[in-house]
Each structure stands twice: as structure tokens, then as C-alpha cells.
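Numbering (this note's numbering), first residue to last: 417 to 955.
This is the structure:
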């Protein structure tokens, strides 16, 4: 039973979100008379909405569908109206008799690409890496569920050992090799060696500075791994959504290729007065390219938000279910909500994040090109990064709220603001520290895998220096696949945090083990977490 002590108010008993009978302001809620103002319409009750959900954010939904329909329709038109002469337009010559361009009789040379000697080994290694990735991810998830402390503490030393080993290894190898030694002078080698060691020292400093939070991170990761372990089908459904998006991208890419075929070969007068044949593209093709690129960016951002929505909805249903009871068709329900009533909200969120990413690219381009001078550029960069990071941060929790409640984007954003206003620093802690630890773990595992691949290839393959290139590609592929796993686990951590906040807001305990962990969250970045899991929540 949840107990409170009116004489000893605590953050554990203070509501995180205004309930249906709560005051519109904190001061009204804790007035001396104890009266509570009535504002039943400000927010709906905060709980998972299992019922029928109304369609939200219809304007964003209509705009997205119109853009997608226009992109596909014009792509089909471009495919039908394509001019086959585009592929050999360079072979057309001007015919003075007919005053038109006609194909010449010259035959174009064809070249065959010779196979690279490393292609076979590279293909085999990449296929095996892709096939082994799922068992490795499942085994890692099982380890994090049952032995999170041992895994994290065992990997932390490798955050320092592996970069140090690789740094010394390449330095010695380059010094021994005559070709590398002659092409890379000693002064530059020492400079790179010292620079990498400085990076290693920075990593060591980060670990030491956050050491007091590692124990809490261990518990948070273990809880998230347990939640994901109870919803393993997410690891199959989410790649399926990614595959569907890639199919859509491939289809639009085909349309873009054939859009370039829309035009004609026409004679034009050169500077010397002679006639030449030139390909002239139809005027609508550049506009179609712009439309397709905008649609693809919006679709990509919306697909990411849809995955967050599905993860949040599935984990929230598991969280609010009674102990020992498994929710039925939770993933199917989340998919139906994401691409049904809440698809407009997903599109609206994708539009915002797509715009954020485009602005970020523009800001980075301006930084590289040095458009703004000195201090002006620095201030602009800082302001832009803060604003864009804030949009990204709030948007993530807004989508989580939408998946739980079924509200529209703006309404969910208000709920998110009310939550983050009281728990912003704790939420930042949950997001950053656990993410850094998970990224470090996948870096260690991917590097160890690449070292094993390199050793096996040296034993069974005839390749020489190309072995390192094959191992590098295997490392990159595994990093990408592990990165997807971290992305899922990261969203699980944030969703569990929001569900825990809703529990506290209602004074309930749906998952006892979650409360025992998240109650230890620090109140600020400088506050050391207290590892007292059964503090004042339950008796």
C-alpha cells in the first residue's frame, strides 16, 4: 500500500502531472487553505488508453498523404513517359538534311568489371556477420537481464584497453613496415599516437567522473532489458518496419532515376556556330526531385517516430499489466494505433524532426564553410544546438505520451512539459549515462568481433593487408546492427521512466522492481544517487 506523511512532504508523494481534479498551478495546489481548484478539462486522466482512439492531427496526416500520393503518381507518370534515348544521348549527332538529331552508327564500348580478389571473402564475412547478429543480440539481452552488473563492469576496463591496444598496435606495425614508415614520417606518427592517447585520457576522465552513477545505470539497464525480454517480438517487428521503408525508398529511387529520362534530344548552336545535339530535360523534373526528396526526408523521420511509438505502446502495456499477466496482442495494438488513429501525430512528429535535421545540416554546413565570422558563428552554433537538442528531447517524450494516452501532439506536449518541469534533470540522467554505457558495450563487443574475424582470416585466407579492410567492414556492419539494438533499448528506458512517472502521479505501483530502481534517480546532475531501493515508497 502506498503511504504518505502529510507532515513530511516528499518528492515521491508529489504528483508529477496534474490530475483531472488538480489545480492549474503549483501554488494553487499547495495553498494554505488546502483548497484545490477545479480544472477537469485541462488534461485527461493519465493512463494507457486501451479503448477506441479518435483520429488525431488530421491536417498533418492529410498533407503527408497528399505528398506521398503525388510522389508516387508523378513517379509512375515519369516511368511511363520516359525517353529511352537518354541512356545513349551522347551518341546522337546533328543531321543537316532533316535538321534534327539522329543516332550515330558508332557502337559504344562496353566494359566488364573485374572481380576484386577480396570480394568473395568480404561477402562471406558480411553474410555471416548479419546472420550471427541476431543470436549475439539475444545473448547480450539475456546477459543484461540476468548479469547486467557483471557485463557492464567487465566492459568498462575495455573502454580504455581496446583504444590503447589499437593505438600501440598500429604505431608498432607502421614502424616495422618499410612502406608505411617511408610514407608516414615518424613525427606524424608520434603526433597521432599522442592525440589518440589524449582521447583515451578524456574517456578515462568521463568514466571516473560518472563512476558514482554506474551502479544506478546497471539497475536501469537491467530493468530495461527485462522489459524488452518480455517483448522480444519487437526485435522482429521493428526491422520489418525498416525493411518496408527501404522498399519504399527503393521504389521512389527508381522513379527518380526514370524521371531523368523525361526530356528530348534537341539541336543547339554552339559558340563556334556549329550545331550540336543536347539533352534537354522537361521543366517539371527538378520540381519532382524536390518533392520526392522532401517526401523521403519526412517519411524517414516519421518511420523513426513510428518505431518509437510502437516501442512505447508495447512497453507501456507490459508495464501497466498486472504482475504475472502477459498483455495480449500488445505489439499488434501498438501497430494499429501508430498507423491508424495516431498516424497523423506520428506524421506531425516526423515533420518536426525532419525540419530539425535539415536545420542541423544547414548549421553544420555553415560552420564548415565559415559563412559567419568568429564570435557570431560561435553564438549561432551554440544557440542552434541547444534549441535543436531541446526539440529532439521533448519530442521523444511527447511521442511516448502519445503512444500511452492516444492524445494529439500538442496535448501530449503539454503533458510532457508538466512531467519534465519536475523531473527534467533526472530524465537527462536516464538518457545520457545509460546511453553512453550501452554505446561503450557495443563498441567493445564489435571490436572484439573484428579482432576475431581478422585472426580467422589470417589463418584461412590468402589475403594480406586486405584482411584489415574486411575486418573493418565487419566491424561497421555489427556496429550498425548493435546500434539498432541500443536504439530500441534506449527507448525502452525512456518509456519505463515515463510509466514510472505516471505511477507516481497516480500514487500507484504497477511494477515494484521498477520503482525500487527509479526511486534512486538523482534530483540533479550533481546529486549523488542514493542506493536505498526501498526508501519511503512502500510499507
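Every residue, glycine too, gets a C-beta built ideally from N, C-alpha and C.
As summarised for the region 720-745, there are no continuous alpha helix (DSSP H) elements at least 4 residues long confined to that stretch.
When C-beta atoms of the region 711-725 are compared with those of the region 767-782, three or more pairs fall below 8 Å, so the two segments count as touching. Annotation for residue 464: no alpha helix (DSSP H) segment contains it, and DSSP assigns it neither H nor E. Between the region 897-916 and the region 643-654 there are three or more C-beta pairs closer than 8 Å, enough to call the two in contact. Among the bridge pairs identified by DSSP, residue 566 is matched with none. Distance between residue 546 and residue 535, taken at the CA atoms: about 16 Å.
When DSSP assignments are scanned along the region 836-907, no uninterrupted stretch of beta strand (DSSP E) that is 3 or more residues long falls wholly within it. Under the DSSP assignment, residue 928 falls in the alpha helix (DSSP H) whose first and last residues are 928-934. With a contact defined as Cβ atoms closer than 8 Å, residue 734 and residue 643 qualify at about 6 Å. In this chain, residue 677 is not harboured by any alpha helix (DSSP H), its DSSP state being neither H nor E.
Boundaries of the alpha helix (DSSP H) around residue 486: 474-496. For residue 925, no alpha helix (DSSP H) encloses it, and the DSSP letter there is neither H nor E. Here the region 871-883 does not lie against the region 599-607, with fewer than 3 beta-carbon pairs under 8 Å apart. With 16 or more other CB atoms across the displayed protein chains lying within 10 angstroms of its CB, residue 751 is buried.
Judged by beta-carbon spacing, residue 497 lies beyond the 8 Å limit of residue 757, meaning their Cβ atoms are not closer than that value. Check the Cα spacing between residue 709 and each of 815, 683, 690 and 670: the tightest is with 670.
Minimum Cα-Cα distance from residue 818 among the listed residues 809, 808 and 829 corresponds to 829. In this structure, DSSP gives residue 500 a helical state, which the three-state scheme calls helix.
For residue 599, the enclosing alpha helix (DSSP H) has its first and last residue at 594-599. Close CB contacts of residue 743 within its chain, under the 7 Å cut and outside five residues either way in sequence, are with 733, 734 and 737 (chain order). DSSP, read as helix, strand or coil, puts residue 519 in strand. Taking the Cα of residue 888 as reference, the smallest distance to any Cα among 864, 899 and 876 is reached at 864. DSSP lists 679 as the bridge partner or partners of residue 697. If the five residues before and after residue 594 are omitted, its C-beta is found closer than 7 Å to no C-beta atom of its own chain. For residue 646, no alpha helix (DSSP H) run applies, since DSSP gives it neither H nor E. The beta carbon of residue 721 sits closer than 7 Å to those of 762, 765, 766, 769 and 815, all from its chain and outside the five residues before and after it, given in chain order. Between the region 573-583 and the region 854-874, the count of C-beta pairs closer than 8 Å reaches three or more; the two stretches touch. If you look at residue 613, you'll find it in the alpha helix (DSSP H) that goes 602-625. In the three-state reduction of the DSSP assignment, residue 755 falls in the coil class.
Between residue 810 and residue 832, the C-beta gap is smaller than 8 Å, which places the two residues in contact.
For residue 937, the secondary structure class from DSSP, reduced to helix, strand or coil, is coil.
Nearest neighbour of residue 539 by Cα position, chosen from 904, 915, 893 and 902, turns out to be 893. Of the candidates 673, 465 and 719, 673 places its Cα closest to the Cα of residue 697. The way I'd put it, the region 632-639 does touch the region 923-933; three or more beta-carbon pairs between them come closer than 8 Å. Taking a C-beta distance under 8 Å as the contact criterion, residue 695 and residue 679 qualify as a contact pair.
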